[in-house]
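Participant:
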Amino acid sequence: MPELPEVETIARTLASEVESRLILDVEVLDESAIAPEPGSFRERVLGRRIARVDRRGKLLLLHLQAAGGKDGGEIAVHLRMTGRVLALPPGESPVRPRVVLTLSDRGCGAMLLVFSDVRRFGRMLAFAPGGGPDSIDHWPFYRDLGPEPLLITAEEFRQRLAPRGKKSKARIKALLLDQGVIAGIGNIYADEALLRAGIRPDAVAGAISARRQDKLFAAIQAVLTQAIAENGSSIRDYRDAHGDAGSFQNHFRAYGRAGQPCLTCGAALRSLRVAGRTSTFCQHCQTA
DNA sequence: ACGGATTCCTGATGGC
DNA sequence: TGCCATCAGGAATCCG
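Sequential numbering of the first sequence, starting at 23, is according to my numbering.
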């Protein structure tokens, strides 16, 4: 499922294909895929130029430009579990498209930007420019996102785990998955980082020593950085904007390995439900 | 302020 | 082999 490294990979592979192109047509095949309603969505997107593609947490962001180079708002895509964003040459038929944007020629042919999603959990949202009530800055999910894990220090990370200086009673994994605490981490990278840091997913966050919190932060950064270098993890659905799979799934030590031996000590990994998610961990290598 | 359940979805998987 | 139940999960929402 697309987490930070997967969305980062999509942003990178999409950017070179679509940046500077104009959005010439908008085809909404599944109205539940978008917001606001089709009329406003079209109005906010049609005729705009895709100036820049980047990422914030698990959100893919297309920054738009209006005529005269003015701010044109944003398109934000949340892929949830099975969403895909693909850059395709016209004529190629994508699998179960929900939204298709036709983009202008850039001297090397026109292009389609396709949002598809078998499970239909994902969303493509269009925001107005200018900081008004319809702008992305007023979208609570976006506004309340925690910091980027690759752009903060260990000290800032510790502060995020202890809001207003109070020790949190929440389980550490619940905090890692909370996008308002830190942005971009999902079930895969939470389990991978916790295993590498030797911390149980159900450990009470406030009871973890500063030294071990720093170790967790280092593990998060290491895992995310390596996953980005491997173009993300493809369990089954995830693909980049070219339709290519990632390879970090070959480096999983925890996720999906319940019952299999711990790669450090050989004990069978166990699984536990924490914060409503299946959490795989090693009883010997990870402690509260 | 926390955990838990529920909802949204469909495909994969496992038991019988 | 076929059928059915279960599971997977990000985030919103409600409830205790």
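By construction, the Cβ of each residue, glycine as well, lies at the ideal position given by its N, Cα and C atoms. Just so you know, these numbers come straight off a predicted model, no measurement behind them.
Kindly provide the ranges of any beta strand (DSSP E) runs that are 3 or more residues long and lie completely inside the region 60 to 94, ordered along the chain.
Facilitator: Counting only runs of 3 or more, we get 71 to 78, 81 to 87.
Participant: Would you decide whether L214 is buried or exposed? Buried here means 16 or more other CB atoms lie within 10 Å of its CB.
Facilitator: Before going on, a small fix: residue 214 reads as Glu here, not Leu. It counts as buried.
Participant: What would DSSP say about D156, mapped onto helix, strand or coil?
Facilitator: Note: D156 maps to coil in three-state DSSP.
Participant: Quick one: what's P283 bridged to in DSSP?
Facilitator: In the DSSP output, where bridge partners are listed per residue, P283 has A290.
Participant: Count the other CB atoms, across all protein chains shown, that sit within 10 Å of the CB of G91; report buried if there are 16 or more and exposed otherwise.
Facilitator: With fewer than 16 Cβ atoms within 10 Å of its Cβ, G91 is classed as exposed.
Participant: Quick check on V99: does DSSP put it in helix, strand or coil?
Facilitator: Of the three classes helix, strand and coil, the one that applies to V99 here is strand, per DSSP.
Participant: L123 and V48 look like a contact to me (Cβ under 8 Å); what is the Cβ gap, rounded to whole Å?
Facilitator: 6 Å between Cβ atoms; contact.
Participant: DSSP on F274, reduced to helix/strand/coil?
Facilitator: F274 falls in the coil class under three-state DSSP.
Participant: Below 8 Å, how does it come out for the region 23 to 42 and the region 254 to 264: are there three or more Cβ pairs, yes or no?
Facilitator: Verdict: yes, contact present.
Participant: Could you pull the start and end residues of the beta strand (DSSP E) that P119 belongs to?
Facilitator: 119 to 125 is the span of the beta strand (DSSP E), which, as asked, contains P119.
Participant: Which one of R186, Y211, L183 has the shortest CA to CA distance from T302?
Facilitator: T302 has its Cα closest to that of Y211, out of R186, Y211, L183.
Participant: Should L199 be labelled buried (16 or more other beta-carbon atoms within 10 Å of its own) or exposed?
Facilitator: Flag for L199 reads buried.
Participant: Between which two residues does the beta strand (DSSP E) carrying D365 extend?
Facilitator: This structure cannot speak to residue 365, because the chain is shown only from 23 to 310.
Participant: Our contact map puts A315 next to L147 with C-beta atoms below 8 Å; I'd like the distance itself, whole angstroms only.
Facilitator: Because the chain here runs from 23 to 310, residue 315 falls outside it and cannot be looked at.
Participant: Using the beta-carbon count (16 or more within 10 Å), is S38 buried or exposed?
Facilitator: By the neighbour-count rule (16 or more Cβ atoms within 10 Å), S38 is not buried but exposed.
Participant: Would you call Q235 buried or exposed, if buried means 16 or more other Cβ atoms sit within 10 Å of its Cβ?
Facilitator: Q235 comes out buried.
Participant: Using the three-state DSSP reduction, which class does R193 fall into: helix, strand or coil?
Facilitator: It is a strand residue.
Participant: How far does the beta strand (DSSP E) with A148 in it reach, from first residue to last?
Facilitator: Taken as a continuous stretch (DSSP letters only), the beta strand (DSSP E) holding A148 covers 145 to 149.
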